[in-house]
Each structure stands twice: as C-alpha cells, then as structure tokens.
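A.B. asks: In the numbering used here, the protein residues as written are 3 to 273.
Note that the Cβ used here is the ideal one computed from N, Cα and C, for glycine as well.
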C-alpha cells in the first residue's frame, strides 16, 4: 500500500510524538542524576557526579538492588521451568481443558497488579502462618513468578507453533528415544525462545512494584520499592534520581538482548 506524502508526514509526526512522550521523561531522569542543583531547576545549574557517589555509598540502595536481582533471578527460574513445561503441554498434546489451561496461565498478565497483589496477600496470610513462614523474599518471588510465567509461556508457544512435531517423530523413527529427540532436535529449535522469555521475565520482575508492595515483608525492599519510599524525602531526591537512572539502564540490557536474540533468530533461524 502506498501512502500519500501528507499521510506519511502525519504518521511520522505521530510516531515521533509518541516516542517523545515515552522517552523524554526517562531522559530527564538521566539529566537530573548529574544536575548540580539539588532542586533540579531547569536548565541544569551544572554537571556533577556527586549524586552518583552518594548513591554508590547508600547502603539502602545497594541492599535493595541485591534484593531485586535475587527476586528477578528466582522468579525467572520458576517462570522458565513452569512456562516451558506448560507451553509444551498445551502445544504438543491434546487433552481435556487445554484451552482453559492456556487461558488460566495467560490471565495474570491481564489482571491489574493491585488485584494480583491483594489476592496473593490474602492467600499468603492464610497459608503461610500454619507452615511457620512469613512474608519475605520467597513470597516476592512467587508473586513475580505469577506474571513472569506468562512471558516465557507466550514465547515458547509461539516458537512451537512454527516448529512441526514431525521433526521429533522423524528422529524417533530413526532410533532416537524421547529424551534424545528433545535434546538433539526440539531443544535447539526452541532454546532461543526460552532465552528471550527468560530475559524479558527478568526485566519485568526487576521493575515490578505493585505486586511487590503486597507480597514483601517488612524487611524486604526491592529497588523500585526503595525509590518509591524515598521520593518524599527531599534530602534523598538526588540519590533517588541516580538510582532511577540506574534502574532504567539496567532494564534496557535484558530487553535489548532479547530484541537482538529475537532478530537474529528470525533472520537466520528459520526452518
């Protein structure tokens, strides 16, 4: 379809406006992290690395970063196992309730975070005390895993739909057992989708705040929760901007890696 010159200009303008709305606030966070003026007046009164040094020496920020990394890795590990297994079950086997299972797995990503958080909070308060457990890092990981599973599931299912089951059948006809067929044939075809799902799941977990608020204990504070808790403290404002800038930069890495991996696979991994 060919567009007129006016239509192309309007579409490009709309795209530029949309990107500006998304990325200009992020750019302002990066600028404020090196702004010498504590009040963050505009234009910046100068450039300084003092706030970055203060953030580096902030025990609370470093502790929160480590908690976020552990929670993200734990949720990603759970999502990789459950999401991949459910994807294979739904896509490779026919059984009663298959579509219902697929719907139930995908539903958490569509629910508001506050609804998921309240539901998990109520469930944990009912289940954990009899077991002698309380809110902590484990409950945060479980909470994050509920929506991270969806990311892995969707990526693996999408790949399996493009991979015919006849490849595995051919391998077994040639004498390979089920495990060998999976290892030598199926896994090489889906592993990039699993990796992309894991990267995106980690990025989603790393930035999560709403579900974390309802599932974390008093002594557990992830980086987004730490930022939110220090926003109202004027003396912490410069450090908060630095931590927010770091959070943005760290979130870009897995998303960029997933995008490159998806692009490389699409370009050179077609069957």
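(1) Count the CB pairs spanning the segment 119 to 135 and the segment 63 to 70 that are closer than 8 Å, and state whether there are at least three.
(2) Going straight from the alpha carbon of residue 52 to that of residue 36, what length do you get?
(3) For residue 186, which residues in the same chain have their Cβ closer than 8 Å to its Cβ, ignoring the five residues on either side in sequence?
(4) What residues are listed by DSSP as bridge partners for residue 106?
(5) Taking all protein chains shown into account, decide if residue 224 is buried (16 or more other Cβ within 10 angstroms of its Cβ) or exposed.
(6) With distance defined between alpha-carbon atoms, name the residue in 241, 111, 244, 86 nearest to residue 189.
(7) How many whole angstroms separate the CB atoms of residue 38 and residue 48, which I take to be in contact at a CB cut-off of 8 Å?
(8) Give the straight-line distance between the Cα atoms of residue 242 and residue 11, rounded to the nearest whole angstrom.
(9) So the candidates are 147, 28, 195, 138; which of them puts its Cα closest to the Cα of residue 274?
(10) Could you say which of 258, 19, 149, 111 lies nearest to residue 77 if we only look at CA atoms?
(11) Using the rule of at least 16 other Cβ atoms within 10 Å of the residue's Cβ for burial, across every protein chain shown, is residue 202 buried or exposed?
C.D. replies: Working from what's here:
(1) no
(2) 8 Å
(3) 173, 178
(4) DSSP, once it has assigned bridges, lists no residue as partnering residue 106.
(5) buried
(6) 86
(7) 3 Å
(8) 39 Å
(9) Residue 274 falls outside the range modelled here, since the chain spans only 3 to 273, and no answer is possible.
(10) 149
(11) buried
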